[in-house]
Each structure stands twice: as structure tokens, then as C-alpha cells.
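These notes concern the structure reproduced below.
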Amino acid sequence: MSLPDLSALLLTLRLAFITTVVLLIIGMPLAWWLATTRSRLRPICEAFVALPLVLPPTVIGFYLLIALNPTSAIGKFWMQMTGETLTFSFTGLVIGSVVYSLPFMVQPLQAAFEASARGPARLAANLGAHPLDAFITVALPSSLRGVVTGCVLAFAHTLGEFGVVLMVGGNIPDETRVVSIAIYEHVETLSYTQAHGLSGLLLLLSFCVLLSVYIFNRRFPVHVG
Amino acid sequence: MLDEMLHIELKATNGAFRLRVSAKLPLTGVTAIFGPSGSGKSTFLELIAGHRHPDQGSVLAGSNVWVDTQKAVFRKPHRRPVGFVMQGAPLLNHLTALGNLEYAYRRHRRAPVRFGLSDVCAALDLDPLLTRRPGALSGGERQRVALGQALLTQPEVLLLDEPLAALDRARKAEILPYLQDMSSRFGLPILLVSHDLEEVVRLADRVLVLKEGAVVDFGEVSETLNQHGFTVEAAEQAGVILSGRIQSCSSDLMLMTVGVGADTLFLPLEPRRRIGDMIPILIQARNVSLSVAPPVGLSIRNALKGRVKSVEILRGSAFVEVAVDLSSAVLPVRVTRAAVEALAIGPGQEIWALIKTVSLADWSD
């Protein structure tokens, strides 16, 4: 593998990892709220979370470009704070990936939390546990399968991202040139050997990641409470 | 909290189902909430425990407000002083039985401690179970651990949702003594939801009858259930609840004699009962046979002499229901139509009602 390709691969893995961590931090409270709220805003929020599943990545990328460019409020603020642009930067990619992979984290979490809220978390409340206490000591352990599924899906989905990255990040080596972009470039320049190498690698990686979920789910079956 | 009342005024909807309950339940002894499935019993319990918001109304324990929609007060479940054993006695599956008990005990906010860990373990015989996980416990054992867990939250009221429903007869017999003891032993009022007549008769001091989301009646067990219990349930539940006083106990024969009006019944000995106690006795119509002559050479101990009041043919079935007027009550008896015809049983006739003693036992076949 050539050095630029290796750099693209490492960048992709770094992006997927950071995106997953950020999504876990955002996704857990959001999913718990969606699973337990009686608010009328819930269906609206659920629809928003699910949007990336149906929208073309280019549409998401386009709106992100509008929202994050240096003349926008967010982009300007970021520019003043850090002296860097959000668009065509790694930070911009992380934001794009978080939006793009949001449903892949939130939906498995929400399903797991809903089951827990009806069962174990309700029991914990009966036993005097404050909601946050019940969440940490009972809902989270009993939703472990949903957490793992959400993380793996978000990670794998970010690995395969293309449209959003292209719109928001462009193709800057070591900064925004992820594997899918590199493959696209190889094909455009008719470098099929390199394209084969990277594509095969991504295929294998994605398969292994998904396989690990299914093995995990088999080994730790859900406790029916 | 002793001798206080739970004041309940609730309106709630669950889809198309509507619940309207207005009741004052004494916070002492065991109060059963009885009704067929779909009558709103579990919804009622969820409202008391705080897992459901009422559309309108209030729940007050003495002067403590648990929920009041007018004052916009809603105490969350973890802040209500109730020990709630949910249906099927779910436990925290990632903890051992001891872990489950400690989880509850560590979170109680009330002092002084009324129910200590070792007392509860002793009362419910939990010590052999402590290291086991919920998955390795039988239904009856889970129920006991869940009861212990509920006690360790130091509740002022215990809520039990169908505590015996998921258990087979042997398990019921195993858990029943603990439940019968619970209220008096720990001085703790219990609200018990049940659709099972036998369970209510064995456990409750009074009963609130629910039907289609509304209160039908509230009062002492035998009287209230004789009026409503057998119409609420399916027809094969036909029977009567007699009140009897224990006259003698024989530990040799493991029997006790109970006076019901002028009659005497033989019942299996119940260790907790004393001579002079009043007990309710559930006699189901299908457990009674008839004899037109004084029985001779039968194993049946309980033969009550009475007079046939009426004979009712049950449409489309092989059975008839014969109402037998005893000295103390009218006993419905279910026998085959063929038998009634062969013995020419008719109103006014002198007759002996034969009741198998085993059908009066605490599920302990």
C-alpha cells in the first residue's frame, strides 16, 4: 500500500472512532429522552434523527456546507475561536459524520432504552433509584447490547461515508482525504490496482466489524426481565 | 402511618380504556383489588405507584400528597413510600439476589430502619438464595426475593400485582404462608391486585371490586365477594364463601373443625390459625357432590344437610346448578343433568352436600 493510501486509511479510522465517541456522548441522553418522554415534540425529534437514513448524502452535505462555511454564523464563530475554517477541515468532517450517522447510533439505543424503561429501569425507580441513578446503574447495563450495536453501526457507517465528506471536506491529503475518496480518485485515474487494494480492505474491515456485533449478540443474549 | 387512609380520586385513560376510581382504603391489613382481566387493576396500581399520570384526580396517603392534578403535584415513583412487586416479580438480572436486596436497601431514605437486611432474609428464608442470579431462581423464589427487595425500600405500603398468578399450585402453596404473614408480621398495609377469587379469600381482609374501570363494591371479603365475586368471573367459578369459626385443631390428623352456622366442616390444619379465629371458606360449585340419603361408606368428611332450593339447567351443557339451602347460606352445587334426573332431585327435597376436604386446602395437594 502506498503512503497516501495508508494515511487515508488511518484518517478514516480516526474519523470513525472520534465520530462514534461523539455520537455516544450525544446519543445516550437523546435516546434516553426519546425513550422516556411524554412530550409532543418526540415524533418531530424522531423524524429529524431519522432524516439521514432517507436523504441523499449530497443534500446533507450541501446544507452542512451552507451552515459551516466561514460566512455563516457557526463558521464565523469557529473562525474567531480557532482561526481555522470548519469546511474542508477534519473538524468539519467530524460534524458531518455525526449528523450523517446519528440514526445509526440513536435508534438501537432508543429501542434498548425503551425495553429497559418498561422493565428494569421501572423496577429501579420502585426501589428508590433517582432517574440518573437508575439510568447509570440499571438502564445502561441492561441496554449493553443496544449500546454495542449502536457504536458498531455508527463506526461502520462512518467508514463508508462518501457524499457528505466530498461536499464538506473535499479531498485534502492527511486532512479530509478518507478511504472512499481515495478509491474514487484511483478509479478516476484508472489506477485499478490501488482501487482494488483499498476497496478490498474496506470490505474486509466492514465485514469484520459487523461480524463482531453478531458474535457479541450471540454470546451475551438479552436478559429478559 | 397506621390507621391512616389512602384517599383515591382518579380518572385516567389508556387508549380506549377509561378508569374512574374513587375510594378510601384503610392503610392496615390486606386490601385486595379484585376484578377480571381488563378491569383496570394493573392501571390502578401503576397510578398508585406513580408509573402513570392520571388525567385528573389525586392520591393522598393520610396528609401526604402523592399526586394531585389540581395542585400540579406529581411525586415520581422513586419518591413514593411504596414497595411495589410487579407482576411476575421482575428482578435486576445483572445482580445476584443479594445484590438485588442491597440495591433496594442502599437507596431508602427513611430512618429509622424498620426492615433490616437480616430480618427480611430470615422472614422470607432468603439466605440460601443470596448468591444466585435471578435466572437461576424458580418463580416462587423470585417472588420471595422481590418481596424482600420491596420491604428493604422501607415502604409505608406494599403493592403486590398478581403475586401468585404466574405460579403453579405447588409454588403457590410455597409462597402463600409468607404472604399471609407479611402484613401482620411487619405491620405493613398491603394492596393486592388479583383476578383469582381463591387468592383474595386466602389473603385479603377487605376487597375492592373493579369492573370495566369502575368500582363495583368495597367491603369485607366474604360478603362482598358472595355478592359480586362469582358474577365477575367466568361461570365455572360459581360458589360461595362461608364464614366459619375454628372450633378445634388436631395436629395428629392435621385437621381442624370449623363451625359454619349449625354445621361443622373439616379443613386441613393451617398452622397459623388459632381456635376461635374466624376464617373465610371458599366452596366452589364444582367441588361439591349431592346425596339424597345420609352418606355411608364414603371417604368424604364434609356432608352438610340442607334442602334443595332450586334446580337450574345450564344451557348447552351437561351440568345443572342445584342451589342447596344450608342453615347458614345457600350453596350452589354443580352436578350432571343425568345425575339430577336419575336421583329425581327437585326443589324442597332434603339433601346432603358432600365437599372434598382437599378442595378446601391451600393449594397444597
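Protein chains in written order, with the working numbering: chain A, 1211 to 1435; chain B, 292 to 656. Don't be surprised by glycine CBs; every beta carbon is placed ideally from N, CA and C.
Distance check for residue j and residue i, CA to CA, integer angstroms please.
i	j	result
I1346 of chain A	L1261 of chain A	29 Å
V613 of chain B	H342 of chain B	46 Å
R309 of chain B	V448 of chain B	25 Å
E1398 of chain A	G426 of chain B	58 Å
R366 of chain B	S1249 of chain A	18 Å
L1415 of chain A	G1370 of chain A	10 Å
L558 of chain B	A1344 of chain A	48 Å
V1423 of chain A	Y1310 of chain A	21 Å
G331 of chain B	L301 of chain B	12 Å
V356 of chain B	G348 of chain B	11 Å
V506 of chain B	V312 of chain B	6 Å
Q518 of chain B	F325 of chain B	13 Å
S429 of chain B	S590 of chain B	36 Å
V350 of chain B	R371 of chain B	11 Å
L634 of chain B	I642 of chain B	11 Å
L573 of chain B	S608 of chain B	24 Å
V1269 of chain A	A1327 of chain A	35 Å
Residues in its own chain within less than 7 Å of residue i by CB, not counting five upstream and five downstream?
i	result
N1427 of chain A	R1355
S601 of chain B	A614, P638
S618 of chain B	G552, A553, D554
R433 of chain B	A380, L382, P425
V1419 of chain A	V1362, F1365, A1366
A414 of chain B	R476
A1335 of chain A	A1344
E511 of chain B	R497
Return the first residue and the last residue of the alpha helix (DSSP H) that residue i is part of.
i	result
V1304 of chain A	1300 to 1328
I1236 of chain A	1213 to 1246
F1362 of chain A	The residue asked about is misnamed: residue 1362 of chain A is Val in this sequence, not Phe. Taken as a continuous stretch (DSSP letters only), the alpha helix (DSSP H) holding V1362 of chain A covers 1354 to 1369.
Q378 of chain B	Where Q378 of chain B is concerned, there is no enclosing alpha helix (DSSP H), given that its DSSP letter is neither H nor E.
K302 of chain B	Element bounds for K302 of chain B: not the alpha helix (DSSP H) but the beta strand (DSSP E), 296 to 305.
A1349 of chain A	Counting along the chain, A1349 of chain A falls outside any alpha helix (DSSP H), and DSSP gives it neither H nor E.
E1395 of chain A	1389 to 1398
T1268 of chain A	1267 to 1278
E465 of chain B	460 to 477
E632 of chain B	628 to 634
Would you mind giving the Cβ-Cβ distance between residue i and residue j, rounded to the nearest angstrom? I have them listed as a contact below 8 Å.
i	j	result
L501 of chain B	F335 of chain B	7 Å
F509 of chain B	A303 of chain B	Actually they are not in contact, since the Cβ atoms of F509 of chain B and A303 of chain B sit about 19 Å apart, beyond 8 Å.
Q1320 of chain A	A1226 of chain A	In fact, because the Cβ distance is near 22 Å, the residues do not count as touching under 8 Å.
P623 of chain B	G530 of chain B	6 Å
S395 of chain B	L1337 of chain A	For clarity, residue 395 of chain B is Ala in the given sequence; the question names Ser instead. Confirmed, about 4 Å.
T322 of chain B	L483 of chain B	7 Å
G439 of chain B	L417 of chain B	5 Å
G1237 of chain A	V1316 of chain A	5 Å
By alpha-carbon positions, which one of the options ends up nearest to residue i?
i	options	result
L1421 of chain A	A:A1392, A:V1362, A:T1368	A:V1362
L560 of chain B	B:F308, B:T648, B:M377	B:T648
T627 of chain B	B:W643, B:R577, B:G407, B:F610	B:F610
N384 of chain B	A:P1330, A:N1279, A:P1253	A:P1330
R625 of chain B	B:S618, B:L645, B:L617	B:L645
T1230 of chain A	A:L1240, A:C1255, A:L1274, A:S1307	A:S1307
S1217 of chain A	A:L1350, A:I1393, A:I1305	A:I1393
S513 of chain B	B:V491, B:S542, B:R462	B:V491
I532 of chain B	B:E603, B:E489, B:D554	B:E489
I566 of chain B	B:G431, B:I537, B:S474	B:I537
T1359 of chain A	A:L1333, A:F1323, A:A1339, A:R1328	A:F1323
L420 of chain B	B:T548, B:R435, B:P345	B:R435
Go through its chain and collect everything with a Cβ distance to residue i's Cβ below 6 Å, but skip five positions before and after it.
i	result
W1459 of chain A	Coverage of chain A is limited to positions 1211 through 1435, which leaves residue 1459 of chain A absent and any answer about it impossible.
G353 of chain B	E295
S1390 of chain A	F1372
H1396 of chain A	Q1404, A1405
G1271 of chain A	G1373, V1374, M1377, V1378
H298 of chain B	K315, L351
Q575 of chain B	G530
G1285 of chain A	L1278, N1279, L1296
Tell me which residue opens and which closes the beta strand (DSSP E) that residue i is part of.
i	result
Q575 of chain B	569 to 575
L450 of chain B	448 to 452
L389 of chain B	Premise fails: L389 of chain B lies in the alpha helix (DSSP H), 388 to 398, not in any beta strand (DSSP E).
R662 of chain B	An answer regarding residue 662 of chain B cannot be provided, because it is not within the stretch 292 to 656 covered by chain B.
S502 of chain B	Looking at the sequence shown, residue 502 of chain B is not Ser but Lys. Per DSSP, K502 of chain B belongs to the beta strand (DSSP E) from 497 to 502.
L1296 of chain A	Counting along the chain, L1296 of chain A falls outside any beta strand (DSSP E), and DSSP gives it neither H nor E.
T334 of chain B	Per DSSP, T334 of chain B belongs to no beta strand (DSSP E); it is in the alpha helix (DSSP H), 332 to 340.
A1283 of chain A	From DSSP, A1283 of chain A is part of no beta strand (DSSP E) but of the alpha helix (DSSP H) over 1283 to 1292.
S1409 of chain A	Counting along the chain, S1409 of chain A falls outside any beta strand (DSSP E), though it belongs to the alpha helix (DSSP H) covering 1402 to 1429.
D1384 of chain A	Looking at the DSSP string, D1384 of chain A is not in any beta strand (DSSP E), and its letter there is neither H nor E.
D616 of chain B	610 to 616
Can you give me the Cβ contacts of residue i inside the same chain, cut-off strictly under 8 Å, excluding the 5 residues immediately before and after it?
i	result
F1298 of chain A	V1378, G1379, G1380, I1382, E1385, T1386
A526 of chain B	Only weak support is given to the placement of A526 of chain B: the predicted model assigns it a pLDDT of 46, under 50, and the question is left unresolved by the model.
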